[in-house]
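Reviewing the structure listed below.
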Amino acid sequence: MLYLRLCAFAFIFCMFSPMIGNTIKDNSPLGGWGGTAIPDSIWSLMQGKSVPKTCTVSRNELRYLKVLHYGKDGKVHQGELICNKAIAQDLLEIFRELYKAKYKIERISLIDNYGADDTRSMEANNTSCFNFRFMTGSTTRISKHGMGLAIDINPLYNPYVKGNKIDPPSGARYAKNRDTRKDIPMKIDRNDLCYKLFIKHGFKWGGAWKSSKDYQHFEK
Ligand SMILES: [Zn+2]
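Below is the structure:
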């Protein structure tokens, strides 16, 4: 009985220890996988960028994740992102499944490397999550990305479409007649593994919205 209890404790500790420590657990030559509190160097990089002076989300609500992913070149790359602690475990599990399936994600780099400029990041087909902002027209209501509860995957090939407005603008050629097209790389639709994994983890997909379509976007 004691043995069983010890095993259960060890299992639970192993499941959650990556989420509570301050050190990144690196098992692979590339740096590998991990979820931690935000390291000091990353937190200072975020200041004035994804963490502007107006930011009302606290550091301890956020997590720093390292994931591996297959790129456009078919090789393994190191990715890093910031998200809300509420979805950190979901994202680690989803990215692990995508990695196992060799699902291609071109780039997973901190949006701060693009000056927290959403359009620049999307033009670079960069997958990102947290970027503090209020909802359009509000000074109190925080957007889902502002909370770190939304993520955009391969955004250039899976743009945001509302009427004639397409974001990023260079994603226009991937916006038209998406339902029937087979020539769109890394396309997210209902048959896509990425879509299926996010839905399984309780996320909503922007591609299912009515008045606009945000094909890159998943939120909780
Ligand atoms: Zn989004």
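Sequential numbering from 21 applies to the sequence shown in this note's numbering. No residue lacks a Cβ here, since even glycine has one placed at the ideal position from N, Cα and C. This one's a predicted model, so the numbers in the text were calculated from it and none came from an experiment.
Looking from the CA of residue 95, the closest CA among 108, 109, 68 and 123 belongs to 123. Taken in chain order, the complete alpha helix (DSSP H) segments of 4 residues or longer contained in the segment 143-225 are 164-167 and 213-220.
In this structure residue 172 is buried. Its beta-carbon is surrounded by 16 or more other beta-carbon atoms within 10 angstroms. DSSP lists 171 and 225 as the beta-bridge partner residues of residue 238.
Between residue 184 and residue 125 the beta-carbon gap is near 28 Å, outside 8 Å, which marks them as no contact.
Per DSSP, residue 100 is not a residue of any alpha helix (DSSP H); the beta strand (DSSP E) it occupies stretches across 96-104.
Per DSSP, the continuous alpha helix (DSSP H) segment holding residue 65 begins and ends at 60-66.
According to the DSSP assignment, residue 82 belongs to the beta strand (DSSP E) that extends over 82-90. Within the chosen limit of 6 Å, ligand 1 reaches the beta carbon of residue 170 through at least one heavy atom. Pairing residue 55 with residue 98 gives a Cβ-Cβ distance that is not under 7 Å. The C-alpha of residue 141 lies about 8 Å from the C-alpha of residue 147.
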